[in-house]
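Novice: Please find one structure pasted underneath; my questions will follow.
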Ligand SMILES: Cc1cc2nc3c(=O)[nH]c(=O)nc-3n(C[C@H](O)[C@H](O)[C@H](O)COP(=O)(O)OP(=O)(O)OC[C@H]3O[C@@H](n4cnc5c(N)ncnc54)[C@H](O)[C@@H]3O)c2cc1C
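In this note's numbering, the protein residues as written are 35 to 486.
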């Protein structure tokens, strides 16, 4: 039977990056990708990556004319429900064709020594002594079994390996349903001749809509996302279209896709197993973007896995455990806080959202200027916000329920962040930690319960 150190399930951006980083560390890696070589699992064309992330992770450098590069821009602004009080953010971003860029990332992994099996679908684990010892793949040629010490599930939303783990193996096996997903609709539109080209993004958090550049400088991508289904996204887009005036446009095409929008599994690791990327729900709260977020975790997985596999060792749950704490410290704690905050921040009416934007409460310059990392407010800033919340209530601009939702969400976010900071350093104590986390998340509520 063939044997590898690591089987990576899924050759999307996460799997390709992980495979590259593991191979660069001298490990024998096979990527099993169920689609063909030139195909990718997601159905949309353009995605955004920050130029800082491309440099940080030494990703293929996109260049004009190379097939992957579509456009570049820097600067974006978020607007209130009535399209006012812009809150700018900076940072250079490249718009990339997803298929071509994924192929470039796969090529990098191949050059580093990772092997790829295309048209090969993960169908199940092989166990020895109750621990993962390999996997079964299915392809047009038939079924194939292989040995490996670590299976890394990078299969995206289907979470093909994670969801088939035996109950109690150590990683949650939930499947992603409509309450866990954001349904995104992208309209590729053309604006009239002579109009101002779209050179940055504008977003309207109240409707969860945005306008971004596209490869055609005369056009734009109008995006909207909502929980539960595309019909909810379309309703939000209708409300947005009535409230916000855009230049008249011609609709060229529509793309749809889903992105995870829920808390990640409490632990990413078990004996001979790790879960990454969309399969681990690592998208950035607020935007649903997951490519760069996943790389933060993948880098940690590569480092810890290399140490865990050293000298032919079996990568037990204990040896892989540092992946959890290191990810929480690098990003997971802030994301948990942000996810809880957003549920309260996006509650309320359009008029209330207008007031919050105008008075720099929650939707503040500081929040949007530091979208990449976490944001914390000084005592003076919190006092000022508290004052304006009070004045807003007295002046009839904010309802008590909206203020309650905002303050409640901020408190829950802090509690969650504190709890994540206390993640156990070893599997001992994990069950009690997870039970408490479950209670905190239940009280934080869900975006899926919001009605626009
Ligand atoms: C419309 C839309 C726009 C987005 N825009 C952005 C953006 O601008 N920036 C950003 O960072 N993120 C964006 N995202 C999110 C981003 O697409 C995902 O977070 C990212 O692609 C996740 O990468 P992944 O490799 O973890 O999963 P995927 O890209 O889903 O890759 C998983 C791979 O696993 C394969 N696979 C699945 N099952 C199996 C199996 N059983 N066996 C073998 N292989 C399998 C699939 O074929 C696929 O190739 C957007 C999402 C949507 C829907």
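Don't be surprised by glycine CBs; every beta carbon is placed ideally from N, CA and C. Predicted, not measured: the structure shown is a model, and the values here were computed from it.
#1: Pull up the distance between the alpha-carbon of residue 386 and that of residue 432, whole angstroms please.
#2: Using 8 Å as the threshold, is the segment 124-132 in touch with the segment 153-161, meaning 3 or more CB pairs across them?
#3: So, with DSSP's three-state summary, where would you put residue 443?
#4: Once the 5 residues before and after residue 227 are set aside, which same chain residues still bring their CB inside 8 Å of it?
#5: Any contact of the segment 326-339 with the segment 42-60, i.e. 3+ C-beta pairs under 8 Å?
#6: When we look at the beta-carbon of residue 349 and count the other beta-carbons within 10 Å, is it buried (16 or more) or exposed?
#7: Do the CB positions of residue 444 and residue 375 come within less than 8 Å of each other?
#8: Touching or not, the segment 288-304 and the segment 197-211, by the rule of three or more beta carbon pairs under 8 Å?
#9: I want to know whether the segment 63-70 touches the segment 37-51 - three or more CB-CB distances under 8 Å.
#10: Measure from the alpha carbon of residue 100 to the alpha carbon of each residue in 132, 239, 118, 122, then state which is nearest.
#11: Going by DSSP, which residues form a beta bridge with residue 81?
#12: Quick one: Cα of residue 13 to Cα of residue 39, how far?
#13: CA-CA distance, residue 118 and residue 142?
#14: DSSP puts residue 255 in a beta bridge; with which residues?
#15: Look at the alpha carbon of residue 347 and the alpha carbon of residue 358, and state the distance between them as a whole number of angstroms.
#16: For residue 287, which residues of its own chain have a beta-carbon under 7 Å away from its beta-carbon, when the five flanking residues on both sides are left out?
#17: From residue 115 to residue 480, what does the alpha carbon distance come to, in whole angstroms?
#18: According to DSSP, is residue 431 helix, strand or coil?
#19: Under three-state DSSP, which class holds residue 41?
#20: With distances taken between CB atoms, is the gap from residue 292 to residue 217 smaller than 8 Å?
#21: Given a cut-off of 8 Å on the beta-carbon distance, is the pair residue 399 and residue 121 in contact?
#22: Please report the residue range of the beta strand (DSSP E) in which residue 460 lies.
#23: For ligand 1, any of its heavy atoms closer than 7 Å to the Cβ of residue 312?
#24: Considering residue 214, what are the terminal residues of the beta strand (DSSP E) in which it resides?
#25: Taking 8 Å as the cut-off, does the segment 90-107 touch the segment 174-191 (at least 3 CB pairs, one atom from each stretch)?
#26: Taking 7 Å as the cut-off, is the C-beta of residue 326 nearer than that to any heavy atom in ligand 1?
#27: By how many angstroms is the C-alpha of residue 362 removed from the C-alpha of residue 453?
#28: Buried or exposed: where does residue 285 fall if 16 or more other Cβ atoms within 10 Å of its Cβ makes it buried?
#29: Identify, in the order they occur along the chain, each residue of the same chain with its Cβ nearer than 6 Å to the Cβ of residue 57, setting aside the five sequence neighbours on each side.
#30: Of the residues 416, 413, 412, 422, which one's Cα is nearest the Cα of residue 495?
#31: Since residue 348 is in the alpha helix (DSSP H), which residue starts that stretch and which ends it?
#32: Could you tell me whether the Cβ atoms of residue 111 and residue 397 are closer together than 8 Å?
#33: Anyone know if the C-beta pair for residue 324 and residue 345 falls short of 8 Å?
#34: Which same chain residues end up closer than 8 Å to residue 61 when comparing Cβ atoms and leaving out the 5 residues on each side of it in sequence?
#35: How would you call residue 455, buried or exposed, if buried means at least 16 neighbouring beta carbons within 10 angstroms?
Specialist: According to the structure data:
#1: Cα-Cα distance, rounded: 6 Å.
#2: The segment 124-132 is not in contact with the segment 153-161.
#3: Judged by DSSP in its simplified three-state form, residue 443 adopts helix.
#4: The answer, listed in chain order, is 252.
#5: The segment 326-339 is in contact with the segment 42-60.
#6: Buried, because 16 or more other Cβ atoms sit within 10 Å of the Cβ of residue 349.
#7: A contact, by the Cβ cut-off of 8 Å.
#8: Short answer: they touch.
#9: A contact exists between the segment 63-70 and the segment 37-51.
#10: Cα-wise, what sits closest to residue 100 is 132.
#11: Its beta-bridge partners are 130.
#12: For residue 13 there is no data in the structure shown, the boundaries of the chain being 35 and 486.
#13: Going by the C-alpha atoms only, they are around 44 Å apart.
#14: Under DSSP, residue 255 shares a beta bridge with 222, 246.
#15: Using only the alpha carbons, I get a separation of about 20 Å.
#16: For residue 287, where only same-chain residues beyond five positions count, the Cβ hits under 7 Å are 222.
#17: For residue 115 and residue 480, the distance between alpha carbons rounds to 21 Å.
#18: Coil, per DSSP.
#19: Here residue 41 sits in strand by DSSP.
#20: The Cβ atoms of residue 292 and residue 217 lie closer than 8 Å to each other.
#21: Yes, Cβ-Cβ distance for residue 399 and residue 121 is below 8 Å.
#22: First-last for residue 460: undefined, no H or E at that position.
#23: Checking every heavy atom of ligand 1 against the Cβ of residue 312, one is found closer than 7 Å.
#24: Segment: none, residue 214 is in no beta strand (DSSP E) and carries neither H nor E.
#25: Not touching, per the Cβ criterion.
#26: Yes, the beta carbon of residue 326 sits closer than 7 Å to at least one heavy atom of ligand 1.
#27: If you take the alpha carbons of residue 453 and residue 362, they lie about 11 Å apart.
#28: By the beta-carbon neighbour count (other beta carbons within 10 angstroms, threshold 16), residue 285 is exposed.
#29: Closer than 6 Å at Cβ, skipping near neighbours: 63, 146, 147, 148.
#30: With the chain covering 35 to 486 only, the question about residue 495 has no answer from this structure.
#31: Annotation for residue 348: no alpha helix (DSSP H) segment contains it, and DSSP assigns it neither H nor E.
#32: Judged by beta-carbon spacing, residue 397 lies beyond the 8 Å limit of residue 111, meaning their Cβ atoms are not closer than that value.
#33: Judged by their CB atoms, residue 324 and residue 345 are not nearer to each other than the 8 Å cut-off.
#34: The answer, listed in chain order, is 39, 40, 339, 340, 343.
#35: Residue 455 is exposed by the Cβ-count criterion.
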